[in-house]
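Below is one structure, written out as structure tokens; comments come after it.
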Amino acid sequence: MKSKISNDILGDKKITTGVVYKKNILRKKIIETIYREGSKTIAQLCDITKNSVPTVSGLIEELLSDGWIVNLGIGGSLKGGRKPTLYGLNSEVGYILGVDLSRQYYRIGVFNLHNEYVGKIIEKDEGLETTDNILTLLDNSVNELLEKNDLRKKQILGIGISIPGLLNSRNGKSHSFPQLGSKPLKETFENLFGCSVFVEHDTRIMALGEQWFGHAKKYSNVLFINIGSGIGLSMILNGKLYRGHSGFSGEFGHIQMDPNGKLCYCGKIGCLETIASGTAIVKRAKKDINNGKNSIIKKITNNDPLKITFKTVIDAAKMGDQYAIELMEDTGEFLARGISTLINLFNPEAIIIGGEIAEAENLIKDPIQQKLSKYTMLLLKNDSLVLVSKLKEKAGLLGTLPVVMSHLFFPETDSANA
0 MKSKISNDIL GDKKITTGVV YKKNILRKKI IETIYREGSK TIAQLCDITK
50 NSVPTVSGLI EELLSDGWIV NLGIGGSLKG GRKPTLYGLN SEVGYILGVD
100 LSRQYYRIGV FNLHNEYVGK IIEKDEGLET TDNILTLLDN SVNELLEKND
150 LRKKQILGIG ISIPGLLNSR NGKSHSFPQL GSKPLKETFE NLFGCSVFVE
200 HDTRIMALGE QWFGHAKKYS NVLFINIGSG IGLSMILNGK LYRGHSGFSG
250 EFGHIQMDPN GKLCYCGKIG CLETIASGTA IVKRAKKDIN NGKNSIIKKI
300 TNNDPLKITF KTVIDAAKMG DQYAIELMED TGEFLARGIS TLINLFNPEA
350 IIIGGEIAEA ENLIKDPIQQ KLSKYTMLLL KNDSLVLVSK LKEKAGLLGT
400 LPVVMSHLFF PETDSANA
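Counted the way numbering that gives the first Met the number 0 counts, the sequence shown spans residues 0 to 417.
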């Protein structure tokens, strides 16, 4: 179905007072409620929005006419008597396109408004550190995905983009990837795709994915640690995403762990990333295997150390390879030392381990939990759960959904400031 988005639905930003503005706000509130919580009756929407039955009923009729919501038939009655009609979001009124852009690869997916994938994900082994032609590749892949699913750009409500590195939330510019240009990334990508675009740091997007669809739904104070080629941190404090003064918060991977350690790409010595990131693990594995270390990794890579990846090490550990398990245990030790500082500072309800390392599951979770007892005050340690992301590699793409929907329909919420 063709999207019927207009200023009448989203609201004209120039209108800040009066009946039209209030009506648009209420439209958005109804859409937000049904999107986040599922189907509702008019009575339920009246309670949630604090509006009268005639007001809500009138807007429901308009949203039905415009194609935003659908009549789902009669629901159950909680109080007996006449059963009410349920209304749900029309999943095909528009679509969200998510781009999970990393240093080594990118993934692109299309979702309907029931948060379901439309067609297959496009995944390419090209990223911000492997090519200078990333913008052209992304544009081609977006067009390919839309064509495969018989969609037009005017049906796309918005594009959410997850990006690593230093992203200034105040001016919207990347300080890590000069190939993306000197303009705000929103402007660059909107010129490229011809659609509304909303950009957010990759670890914060993954944390939003967890907050909406994963473990973090249950908690208000959560630390999400993204461990892939690097190490990032996102903080959900009192239910809100924390970004810091300029959006640079969460550089957990660049706390010093070894003052006599290796030089980090950030220019400092002994950062956590130099010993506990996927990149560091792969470097160590390549060196050890090259020096004759016995491991299943040799078989997996046909005895070619150059083919070792982070996934290779995790797969070997899951197969029971002692060397790979020891790598996970050593990594857990270093991560626990860093996480203990976070627990002492923030006293979180939960710490979620995500990113590529989440595939290791208990092989990384158990060493972290064991070593936290060594480095953390017992009372604080017992007050914080350690969880492994259940979304795993899906967190990046799923996290683009709340970024887009927040900007379009509920900008008063925290994630709208992404």
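Note that beta-carbon positions come from the ideal geometry of N, C-alpha and C, so glycine has one too.
Span of the beta strand (DSSP E), counted from its first residue to its last, around residue i
| i | result |
| --- | --- |
| residue 122 | 121-123 |
| residue 425 | No statement about residue 425 is possible, as the shown extent of the chain runs from 0 to 417 and does not include it. |
| residue 70 | 68-73 |
| residue 159 | 155-162 |
| residue 86 | 84-88 |
| residue 386 | 384-387 |
| residue 99 | 94-100 |
| residue 277 | Per DSSP, residue 277 belongs to no beta strand (DSSP E); it is in the alpha helix (DSSP H), 277-289. |
| residue 225 | 221-226 |
| residue 107 | 105-110 |
Where residue i falls, given that 16 or more other Cβ within 10 Å makes a residue buried
| i | result |
| --- | --- |
| residue 51 | exposed |
| residue 31 | buried |
| residue 340 | exposed |
| residue 225 | buried |
| residue 402 | buried |
| residue 370 | buried |
| residue 305 | exposed |
| residue 37 | exposed |
| residue 46 | exposed |
| residue 291 | exposed |
| residue 89 | buried |
| residue 73 | exposed |
| residue 414 | Any reading at residue 414 is ruled out, since the residue's pLDDT is 47, under 50, leaving its predicted position unreliable. |
| residue 108 | buried |
| residue 238 | exposed |
| residue 19 | exposed |
| residue 81 | exposed |
| residue 113 | exposed |
| residue 397 | buried |
| residue 344 | exposed |
| residue 173 | buried |
Same chain, Cβ closer than 6 Å to residue i, five either side skipped, listed in chain order
| i | result |
| --- | --- |
| residue 227 | 277, 354, 355 |
| residue 169 | 245 |
| residue 125 | 136 |
| residue 342 | 375, 379, 383 |
| residue 211 | 401 |
| residue 17 | none |
| residue 387 | 352, 357, 360, 364 |
| residue 450 | Only positions 0 to 417 of the chain appear in the structure, and residue 450 is not among them; the question remains open. |
| residue 62 | 68 |
| residue 167 | 245, 246 |
Same chain, Cβ closer than 8 Å to residue i, neighbours up to 5 away in sequence not counted
| i | result |
| --- | --- |
| residue 296 | 284, 288, 307, 311, 312, 315, 320, 322, 323 |
| residue 269 | 255, 256, 257, 258, 259, 260, 261, 263 |
| residue 12 | Per-residue confidence for residue 12 stands at a pLDDT of 45, beneath the threshold of 50, marking its modelled position as unreliable; the derived number appears in the next sentence. There are no such residues. |
| residue 48 | 25, 28, 29, 32, 55 |
| residue 131 | 178 |
| residue 100 | 126, 127, 133, 137, 160, 161, 162, 163, 201 |
Cβ-Cβ distance between residue i and residue j below 8 Å
| i | j | result |
| --- | --- | --- |
| residue 119 | residue 105 | no |
| residue 420 | residue 116 | Outside the displayed range of the chain (0 to 417) lies residue 420, so it cannot be described from this structure. |
| residue 183 | residue 171 | yes |
| residue 209 | residue 407 | no |
| residue 317 | residue 378 | no |
| residue 165 | residue 247 | yes |
| residue 102 | residue 127 | yes |
| residue 189 | residue 195 | yes |
| residue 240 | residue 206 | yes |
| residue 347 | residue 222 | yes |
| residue 193 | residue 394 | no |
| residue 83 | residue 41 | yes |
| residue 333 | residue 280 | no |
Element boundaries [alpha helix (DSSP H), containing residue i]
| i | result |
| --- | --- |
| residue 145 | 133-147 |
| residue 333 | 321-345 |
| residue 62 | 52-65 |
| residue 212 | 201-212 |
| residue 312 | 309-317 |
| residue 17 | 17-36 |
| residue 372 | 361-374 |
Cutoff 7 Å; reference residue i; Cβ partners in own chain excluding five residues on either side
| i | result |
| --- | --- |
| residue 249 | 202, 231, 232, 233, 234 |
| residue 71 | 38, 85, 86, 87 |
| residue 421 | No answer is possible for residue 421: it lies beyond the span of the chain, which begins at 0 and ends at 417. |
| residue 44 | 29, 32, 55 |
| residue 336 | 256, 374 |
| residue 58 | 25, 26, 29 |
| residue 4 | Here residue 4 scores only 45 on pLDDT, less than 50, and its place in the model is too uncertain to base an answer on. |
Within-8 Å CB hit, residue i to chain D
| i | result |
| --- | --- |
| residue 170 | In summary, chain D is missing from the structure at hand, where a single protein chain is found. |
Exercise. Please confirm if the region 189-204 is in contact with the region 324-338, defined as three or more CB-CB distances below 8 Å between the two stretches.
Key: no
Exercise. Answer yes if the region 152-161 comes into contact with the region 88-103, meaning at least three C-beta pairs across the two stretches below 8 Å, and no otherwise.
Key: yes
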